[in-house]
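Everything below concerns the one structure shown next.
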Amino acid sequence: MSNNGGPAFPAEWTNTGDQNRTAPNGVVVAPGETVQLHGMSLRDWFAGQAMQGLIADTEFPLDHDGLAKAAYDIADAMLEARKQSR
Numbered sequence: 001m002s003n004n005g006g007p008a009f010p011a012e013w014t015n016t017g018d019q020n021r022t023a024p025n026g027v028v029v030a031p032g033e034t035v036q037l038h039g040m041s042l043r044d045w046f047a048g049q050a051m052q053g054l055i056a057d058t059e060f061p062l063d064h065d066g067l068a069k070a071a072y073d074i075a076d077a078m079l080e081a082r083k084q085s086r
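In terms of UniProt numbering, the sequence shown has 62 at position 62, counting the first letter as 1, and numbering is strictly consecutive.
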């Protein structure tokens, strides 16, 4: 799917020290500089939330691969519904 919904929890990280530091995303940042942290995509977040609900149903008839596919199918449907409601 090409539409991943963008970042689920975007944030910024600023190097407040007096020497180069490595940001949480692995980028080396000079003192006083700020980098954007995108984190996981909204699609991945939706899939994780859907998977929790699917796993809660102890009678759910899918193996791990089927469960993962179902979670992403739900996430894709959520992204499509989100797009349609705008």
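The beta-carbon is built from N, C-alpha and C at its ideal position, and this holds for glycine as well. These numbers were taken from a predicted model, which means no experiment stands behind them.
Beta carbon of Ala8 nearer than 9 Å to that of Leu42:
Within the sequence shown, residue 8 is the residue found at index 8, counting from 1. Within the sequence shown, residue 42 is the residue found at index 42, counting from 1. Yes, Cβ-Cβ distance for Ala8 and Leu42 is below 9 Å.
With distances taken Cα to Cα, identify the nearest neighbour of Tyr72 among Gln19, Leu54, Glu59, Thr16.
As a working note, residue 72 is residue 72 in the sequence shown. Closest option to Tyr72, Cα to Cα, is Leu54.
According to DSSP, simplified to helix, strand and coil, what is Ala11?
Within the sequence shown, the letter at position 11 stands for residue 11. In the structure shown, Ala11 sits in a strand (DSSP, three-state: E or B).
Segment contact, 8 Å Cβ cut-off, at least three pairs: the segment 50-64 with the segment 20-28
no
State the CB to CB distance for the pair Gly32 and Asn15, rounded to an integer number of angstroms; the pair is presumed to be in contact (CB under 8 Å).
Here the question's residue 32 lines up with position 32 in the sequence shown. Here the question's residue 15 lines up with position 15 in the sequence shown. With 8 Å as the limit, Gly32 and Asn15 qualify as a contact, their Cβ atoms being about 7 Å apart.
With distances taken from CA atoms, which of Lys69, Phe60, Thr22, Glu80 is nearest Gly48?
Taking the first residue of the sequence shown as position 1, residue 48 is located at position 48. If we check each option's Cα against that of Gly48, Lys69 comes out closest.
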